[in-house]
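Here the structure is laid out as structure tokens; the discussion comes afterwards.
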Amino acid sequence: MARRTHAAPRKKHEARRKRRRPTQAERADKHDLYQRAVQSPDFDVAFFARAFTNLRGRAPRRLREDFCGTALLAATWAASKRTRSAVGVDLHAPTLAWGREHNLAALPPAVRRRVALVHGDVLDARTAPPADIVCAMNFSFCVFHDRATLRRYFENARRNLVRDGILILEIYGGTEAIDELEESRRCDGFTYVWDQDRFDPITNRTVCHIHFRFPDRSKIERAFTYDWRLWSIPELREVLAEAGFASSVVYWEAVDEDGDGTGVFRRTEHEEQQESYLAYVVGLK
Ligand SMILES: C[S@@+](CC[C@H](N)C(=O)[O-])C[C@H]1O[C@@H](n2cnc3c(N)ncnc32)[C@H](O)[C@@H]1O
-18 MARRTHAAPR KKHEARRKRR RPTQAERADK HDLYQRAVQS PDFDVAFFAR AFTNLRGRAP
42 RRLREDFCGT ALLAATWAAS KRTRSAVGVD LHAPTLAWGR EHNLAALPPA VRRRVALVHG
102 DVLDARTAPP ADIVCAMNFS FCVFHDRATL RRYFENARRN LVRDGILILE IYGGTEAIDE
162 LEESRRCDGF TYVWDQDRFD PITNRTVCHI HFRFPDRSKI ERAFTYDWRL WSIPELREVL
222 AEAGFASSVV YWEAVDEDGD GTGVFRRTEH EEQQESYLAY VVGLK
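Under our numbering, the final residue of the sequence shown carries the number 266; numbering is consecutive throughout.
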């Protein structure tokens, strides 16, 4: 008779099975990667305060961040001074929820009380009290493909501003902006890839993607996709005027001798074309 033991013989496949470690892509959070690769909220807050004070001769207090996504900028604005408050507006409830959980929850309670998030459409969302500054960062307003809708957006932004309020629009352009190309940049622990997939010269429609790649060769392809109309600076200024803004100014990013952006933006009316540029078009109510 065979001798019995307590230990049942292990099945072969159980002995061999090794739990697969999740890849870096599987462990990553795309909103966290986006914030780290793309956003510079401290820089934006300093620029907004400086530009508003120069243009209006007083300090700004209230910011409305349109297309706020995770509301990192709104949170950073409110945290930067006790006199500052912010409201963020976005259509996408899950992204707002991520922002509440990660960016707002990290704030001290007194600061958190100065930030509100609104789930709504920037074309008609009304927020009170009116803001000193409304901003649309990272080209978000390019989601509007026709002039009538862009004008409607600018009209609603204007409605949500105080009497001497300003609308700040971040735009990109240059000779390479209409090329199909992929550009990558190393970040801490991953590579950020900007993919200009398509550009239609008849409509100025461009489709772009963000991909993230990792040292273990895993990747998140098309983490974000944008279907945009690439607006030019003169078009934006014309539509601002049509929407009732009294005037507009342009801040242009200075480049170094290698043509790389310096992060310093200067007010200007004429510039030489570049391969790529970043600029702020500012509408004054
Ligand atoms: C490019 S992300 C901007 C994220 C962040 N604010 C930034 O500056 O990087 C665009 C955001 O706009 C939102 N969005 C698109 N159309 C919108 C609309 N009509 N009203 C409100 N939000 C909108 C999307 O849900 C998305 O979160």
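For every residue, glycine included, the Cβ atom is placed at its ideal position computed from N, Cα and C.
If you're wondering where the values come from, they're calculated on a predicted model, not measured in any experiment.
I'd like the list of long-range same chain contacts for Arg37, defined as Cβ closer than 6 Å, with 5 residues on each side in sequence excluded.
Along the sequence shown, read from residue 1 onward, the residue named residue 37 stands at position 56. Excluding sequence neighbours, Arg37 sits near Asp145.
Hey, how far is the Cα of Gly154 from the Cα of Glu234?
For the purposes of this step, residue 154 is identified with residue 173 of the sequence shown, where counting begins at 1. For the purposes of this step, residue 234 is identified with residue 253 of the sequence shown, where counting begins at 1. So the alpha carbons of these two residues sit roughly 12 Å apart.
For the alpha helix (DSSP H) containing Glu163, name the first residue and the last one.
Counted from its first residue, the sequence shown places residue 163 at position 182. No alpha helix (DSSP H) holds Glu163; the beta strand (DSSP E) holding it covers 162 to 168.
Do you know offhand how far Arg194's Cα is from Leu53's?
As a first step, residue 194 must be located in the sequence shown, where it is residue number 213. As a first step, residue 53 must be located in the sequence shown, where it is residue number 72. Those two C-alpha atoms are separated by around 23 Å.
I need the straight-line Cα distance from Arg94 to Glu256, nearest angstrom please.
Along the sequence shown, read from residue 1 onward, the residue named residue 94 stands at position 113. Along the sequence shown, read from residue 1 onward, the residue named residue 256 stands at position 275. Cα to Cα, the separation comes out at about 43 Å.
Three-state secondary structure (DSSP) at Glu253?
Here residue 253 refers to the residue found at position 272 of the sequence shown. Residue state, collapsed to three classes: coil.
Return the Cβ separation of Trp58 and Val26 in integer angstroms, given the expectation that the two are a contact with Cβ distance under 8 Å.
The sequence position of residue 58 within the sequence shown is 77, counting from 1. The sequence position of residue 26 within the sequence shown is 45, counting from 1. Confirmed, Cβ separation roughly 5 Å.
Is Leu85 near ligand 1, with its Cβ less than 8 Å from a heavy atom?
Within the sequence shown, numbered from 1, the residue matching residue 85 stands at position 104. Leu85: no, Cβ never under 8 Å from ligand 1.
Pull up the distance between the alpha-carbon of Gly264 and that of Leu162, whole angstroms please.
Residue 264 sits at position 283 when you count from the first residue of the sequence shown. Residue 162 sits at position 181 when you count from the first residue of the sequence shown. The C-alpha of Gly264 lies about 31 Å from the C-alpha of Leu162.
Considering only heavy atoms of ligand 1, does any lie closer than 8 Å to the CB of His73?
On the sequence shown, residue 73 is found 92 positions in, with the first residue counted as 1. Because some heavy atom of ligand 1 lies under 8 Å away, the Cβ of His73 counts as near it: yes.
Express the C-alpha separation of Gln16 and Asp10 in angstroms, rounding to a whole number.
What you label residue 10 is simply residue 29 of the sequence shown in a count that begins at 1. What you label residue 16 is simply residue 35 of the sequence shown in a count that begins at 1. When rounded, the distance between both Cα atoms is 10 Å.
Over what stretch of residues does the alpha helix (DSSP H) that includes Asp25 continue unbroken?
One-based indexing of the sequence shown puts residue 25 at position 44. Run containing Asp25: 22 to 37, per the alpha helix (DSSP H) assignment.
If we ignore side chains and look at the alpha-carbon of each, how far apart do Asn137 and Glu157 end up?
To locate residue 137, count along the sequence shown from 1; it is residue 156. To locate residue 157, count along the sequence shown from 1; it is residue 176. Near 32 Å, if we compare the C-alpha coordinates of Glu157 and Asn137.
Quick check: the Cα distance between His12 and Val143, rounded to an integer number of angstroms?
Within the sequence shown, numbered from 1, the residue matching residue 12 stands at position 31. Within the sequence shown, numbered from 1, the residue matching residue 143 stands at position 162. Each residue's Cα considered, the two are about 32 Å apart.
Checking the sheet assignment: what are the DSSP bridge partners for Arg45?
Position 64 of the sequence shown, counted from the start, is the residue given in the question as residue 45. In DSSP, Arg45 forms a bridge with Val68, Val115.
Can you tell me the Cβ-Cβ gap for Arg210 and Val262, rounded? I've got them flagged as a contact below 8 Å.
For the purposes of this step, residue 210 is taken as the residue at position 229 of the sequence shown. For the purposes of this step, residue 262 is taken as the residue at position 281 of the sequence shown. In fact, because the Cβ distance is near 15 Å, the residues do not count as touching under 8 Å.
Is any heavy atom in ligand 1 found nearer than 8 Å to the beta carbon of Gln254?
As a position in the sequence shown, residue 254 is number 273, starting the count at 1. It does not: the Cβ of Gln254 is nowhere closer than 8 Å to a heavy atom of ligand 1.
Which residues does DSSP list as the beta-bridge partners of Asp176?
The sequence position of residue 176 within the sequence shown is 195, counting from 1. Paired residues: Glu163, His190.
Quick one: Cα of Glu253 to Cα of Phe171, how far?
Residue mapping note: residue 253 aligns to position 272 of the sequence shown, counting from 1. Residue mapping note: residue 171 aligns to position 190 of the sequence shown, counting from 1. Roughly 34 Å separates the two Cα atoms.
When the Cα atoms are used, what is the spatial distance from Asp181 to Trp175?
Reading the sequence shown from its first residue, position 200 is the one you call residue 181. Reading the sequence shown from its first residue, position 194 is the one you call residue 175. Cα to Cα, the separation comes out at about 18 Å.
If you compare alpha carbons, which of Asp47, Glu46, Arg31, Phe48 is closest to Ala40?
Working through the sequence shown from its first residue, we reach residue 40 at position 59. Of the candidates Asp47, Glu46, Arg31, Phe48, the residue whose Cα lies closest to the Cα of Ala40 is Arg31.
Can you give the Cα-Cα distance for Thr187 and Thr64, rounded to whole angstroms?
Residue 187 sits at position 206 when you count from the first residue of the sequence shown. Residue 64 sits at position 83 when you count from the first residue of the sequence shown. So the two alpha carbons sit approximately 40 Å from each other.
For Pro22, which residues in the same chain have their Cβ closer than 7 Å to its Cβ, ignoring the five residues on either side in sequence?
Along the sequence shown, one-based indexing puts residue 22 at 41. Cβ within range, chain order: Leu53, Leu54, Thr57.
Answer yes if the segment 75 to 88 comes into contact with the segment 113 to 129, meaning at least three C-beta pairs across the two stretches below 8 Å, and no otherwise.
no
Can you say whether Arg0 is buried or exposed, counting buried as having 16 or more other CB atoms within 10 angstroms of its CB?
Start at 1 with the first residue of the sequence shown, and residue 0 comes out as number 19. Arg0 should be labelled exposed.
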